[in-house]
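Residue numbers (our numbering): 12 to 487.
Every residue gets a Cβ at the ideal spot worked out from N, C-alpha and C, and that includes glycine.
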């Protein structure tokens, strides 16, 4: 082999080695060491040329690798991605939840969910730091986009919290099933949920079928009587509705009058040029809210109309609180939900743990006086309203007061928030199911449940069924 050929091959080997080194160490520049020229001048020049070519390629490779940007972090899952995933599968594990299920676990869960054909379940595994409200919103939005499926459930990656909505199961039934799966690992909890939900749906179907046959027989037997009873019943319902509306209107007028008296006692002269502009603005907002509430009360003809009244009253109460703070030279307090015990007290200052008689404890917003009473074992100043010829707490005054309460909390979750606060009360039992059966409720496609549970660690409160307007799921 000639000296020239050997030199060329050596140069090529040097070029390959330089390229490999460039890829392995992209942050460094490569410089070939000078070598003494040997052999004939032509051979030396040829080898040098190949060596220079190798250095150039290596250096170019180093620059290319060094300038290549790092891959961006994976974006969080959106509602659209989750919905698309649930079109082809009954289980979706979000990227933020991590790799929490093995392939075998996934298969077992998919098999269990697929076997629950009557409950028709879709499940989403989410990260551990999401809230019940966020997950409730996500489930409703995903259900709206998928357009199929009867039950949707979300569970955290550690399996400790679960949240669900369903067309086949009521809020109470969902909560019972969720509670019965508490403490199980993620995979076992989802499998157990599928089995229990399917059994409950089947049980309901059997009961419904039996009840349908019995009802049909009774209806046939009583067909001649029903016609007459219908007219009597309708008249009684009309009378009862008129009485309930009159009592509700009296109760709401008490709230409106109390705000008006509060504004009058302050008696600020908004025309005074020396009055601080911010104080004037808040005081005028309070007066405008009072006028709006008064007009809405006069126009109201049904319980649903009272939501507009109490929404205005909540505004007025906050602006009166802000006005007094400014007059005293104090910071304007944070705008929080009204005091749960008595919305007439205005914005709450903190949450306290409270339970109705015989009910489970829950955190509720409270004003300073009521919070202090509860924390010291006393009784808060509860809003008593006229109902059935007597006075009782507004949360136990019947369905006519649902819009009344919902208006006060309209800006803080409305019926969804109250359904969690009022578990175990008369209104609480009427607020499940996305507003189904509640005056002023949404209905929302027949889904029962409320995107929340008692036993699983998430409170009720799933927000509005936003459909396509929810946007990204990644920020929840």
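Helix, strand or coil at residue i according to DSSP, with G and I counted as helix
i: residue 423; result: helix
i: residue 468; result: Reliability of the predicted coordinates at residue 468 is poor, the pLDDT of 43 falling under 50, and the value obtained from them is presented with this limitation in mind. Three-state result, residue 468: coil.
i: residue 361; result: strand
i: residue 193; result: coil
i: residue 141; result: coil
i: residue 111; result: coil
i: residue 231; result: helix
i: residue 375; result: strand
i: residue 134; result: strand
i: residue 149; result: helix
i: residue 225; result: helix
i: residue 176; result: strand
i: residue 171; result: coil
i: residue 396; result: strand
i: residue 102; result: strand
i: residue 566; result: In the structure as shown, the chain begins at 12 and stops at 487. Residue 566 is therefore absent and cannot be evaluated.
i: residue 156; result: helix
i: residue 284; result: coil
i: residue 313; result: coil
i: residue 368; result: coil
Neighbourhood of residue i by C-beta distance below 7 Å, restricted to the same chain and skipping five residues each side
i: residue 211; result: 180, 184, 188
i: residue 355; result: 266, 269, 394
i: residue 108; result: 136, 137, 138, 168
i: residue 213; result: 129
i: residue 398; result: 258, 408, 409
i: residue 338; result: 290
i: residue 82; result: Low confidence applies to residue 82: its pLDDT is 44, below 50, so where it sits in the model is not reliable enough to give any reading.
Rounded C-alpha distance that separates residue i from residue j
i: residue 216; j: residue 199; result: 26 Å
i: residue 145; j: residue 300; result: 31 Å
i: residue 154; j: residue 130; result: 14 Å
i: residue 385; j: residue 362; result: 11 Å
i: residue 310; j: residue 256; result: 13 Å
i: residue 464; j: residue 317; result: For residue 464, the predicted model reports a pLDDT of 38, less than 50, meaning its position is unreliable; a value from the coordinates is still stated below. Their backbone Cα atoms lie some 28 Å apart in a straight line.
i: residue 375; j: residue 232; result: 50 Å
i: residue 149; j: residue 90; result: 7 Å
i: residue 423; j: residue 350; result: 12 Å
i: residue 342; j: residue 360; result: 13 Å
i: residue 160; j: residue 201; result: 16 Å
i: residue 501; j: residue 412; result: This structure cannot speak to residue 501, because the chain is shown only from 12 to 487.
i: residue 348; j: residue 331; result: 15 Å
i: residue 191; j: residue 432; result: 22 Å
6 Å Cβ shell around residue i - same chain, five flanking residues per side excluded
i: residue 346; result: 329
i: residue 396; result: 262, 405, 408
i: residue 421; result: 322
i: residue 250; result: none
i: residue 307; result: 319, 320
i: residue 8; result: Any property of residue 8 remains undetermined from this structure, which presents the chain solely from 12 to 487.
Cβ shell of residue i (< 8 Å), same chain only, five flanking positions each side left out
i: residue 334; result: 277, 279, 290, 293, 294, 297
i: residue 353; result: 378, 381, 391, 392, 393, 394
Selection from the options that minimises the alpha carbon distance to residue i
i: residue 119; options: 106, 404, 227, 100; result: 100
i: residue 403; options: 258, 236, 144; result: 258
i: residue 312; options: 433, 253, 156; result: 253
i: residue 111; options: 197, 93, 121, 327; result: 197
i: residue 274; options: 287, 373, 190, 326; result: 326
i: residue 134; options: 122, 117, 121, 102; result: 102
Neighbour flag for residue i against chain C, beta carbons, 8 Å
i: residue 147; result: The question asks about chain C, but that chain is absent: this structure has only one protein chain.
Should the segment 258-267 be called in touch with the segment 276-296, which here means at least 3 C-beta pairs below 8 Å? no
Do three or more CB pairs link the segment 194-212 to the segment 118-128 at distances below 8 Å? yes
Measuring CB atoms only, is the segment 219-231 touching the segment 133-146, in the sense that at least three cross pairs come out at less than 8 Å? no
Between the segment 229-248 and the segment 300-311, are three or more C-beta pairs nearer than 8 Å? no
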